[in-house]
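Report on the following structure.
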Amino acid sequence: MASQPLTSKTKAGPAPPYSDIDTPTRLANLGKRDLVFLLETANRSLSIRTEQEFRELVLGLQQILPMEGVISVMSRLTPGSDPEKAAHIVNLGYSDEWLKLYFDNQYAAIDPIVRNHIGRFKPQIWSQTFKKATTPDEKAFVAQAREFNLDEGLTLGHACRRTSIASLLSFQGRQIASHP
110 MASQPLTSKT KAGPAPPYSD IDTPTRLANL GKRDLVFLLE TANRSLSIRT
160 EQEFRELVLG LQQILPMEGV ISVMSRLTPG SDPEKAAHIV NLGYSDEWLK
210 LYFDNQYAAI DPIVRNHIGR FKPQIWSQTF KKATTPDEKA FVAQAREFNL
260 DEGLTLGHAC RRTSIASLLS FQGRQIASHP
């Protein structure tokens with residue numbers, strides 16, 4: 110008896126904006142080794158308790174994802190709070206010079222990725238978001254990011270309404286957004 114592809118009986122809605130291929134098809138295109146790695150990674154992610162365990166998990170993703178750097182931010186989203194000051198940041202590959210420039214200039218207030226992320230928490234491809242930059246400050250930010258090779262990547266995250274904690278996970282790399 111031939112195995113059938115795993116499908117959902119309920120309509121899940123449109124595919125994420127970073128893909129025009131549905132999830133079962135994308136998973137079917139993975140090799141056995143990659144599928145096992147993906148399942149092991151998902152399982153490990155459920156038991157992370159320390160920053161070091163998180164770092165090891167994310168660095169392990171480099172085995173299957175073409176990324177140059179990753180940054181993870183967790184912050185409390187409360188009215189009047191400064192997300193940069195309340196944030197817990199794990200940097201894996203972004204330049205220290207860029208991060209200093211980013212925080213010294215309070216770029217979170219004009220960064221189109223961050224501004225688009227907060228409130229929506231949907232995956233986004235940087236180049237698509239950057240194309241929508243309209244203000245002079247946003248355009249200057251995009252130009253500055255480009256100087257640090259931060260013009261291509263993928264950002265995703267989640268917000269927990271109960272705790273008012275939000276996450277942002279950004280993968281830097283020219284190939285990450287188009288990786289099948």
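Going by my numbering, the sequence shown opens with residue 110, and the numbers climb by one from there.
Glycine included, C-beta positions come from ideal geometry on N, C-alpha and C.
Cβ of residue i within 8 angstroms of Cβ of residue j?
i           : j           : result
residue 257 : residue 179 : no
residue 168 : residue 150 : no
residue 139 : residue 148 : no
Run through DSSP, which three-state label would residue i get?
i           : result
residue 159 : coil
residue 197 : strand
residue 253 : helix
residue 234 : strand
residue 290 : Only positions 110 to 289 of the chain appear in this structure, which leaves residue 290 out of reach.
residue 169 : helix
residue 268 : strand
residue 174 : coil
residue 130 : Note on residue 130: pLDDT 37, under 50, position unreliable in the model; the coordinate value appears next. Residue 130 falls in the coil class under three-state DSSP.
residue 285 : coil
Would you mind working out which of the options sits nearest residue i, comparing C-alpha positions?
i           : options            : result
residue 164 : 282, 284, 278, 283 : 278
residue 230 : 274, 197, 247, 259 : 274
residue 209 : 253, 138, 143      : 253
residue 242 : 169, 181, 285, 221 : 221
residue 223 : 262, 206, 158, 151 : 262
residue 270 : 235, 228, 250      : 228
residue 237 : 211, 216, 264      : 264
residue 214 : 247, 226, 182      : 247
residue 182 : 203, 172, 175      : 203
residue 207 : 147, 250, 157      : 250
residue 226 : 211, 245, 186, 205 : 186
residue 174 : 157, 159, 144      : 144
residue 233 : 218, 153, 146, 260 : 260
residue 276 : 212, 218, 266      : 266
residue 219 : 172, 240, 245      : 245
residue 268 : 155, 184, 176      : 184
residue 235 : 142, 284, 152, 155 : 284
The beta strand (DSSP E) that contains residue i, what's its start and end?
i           : result
residue 279 : 274–281
residue 185 : 178–185
I'd like the span of the alpha helix (DSSP H) that includes residue i, first residue to last.
i           : result
residue 148 : 141–154
residue 209 : 205–213
I'd like to know if residue i contacts chain D, where contact means its C-beta is closer than 8 angstroms to some C-beta of that chain.
i           : result
residue 207 : The displayed structure is made up of one protein chain only, and chain D is not part of it.
Any heavy atom of the ligand PLP closer than 7 angstroms to the beta-carbon of residue i?
i           : result
residue 165 : As for the ligand PLP, it is missing from this structure, which has no ligand bound.
Between the region 197–215 and the region 154–174, are three or more C-beta pairs nearer than 8 angstroms?
Touching, yes.
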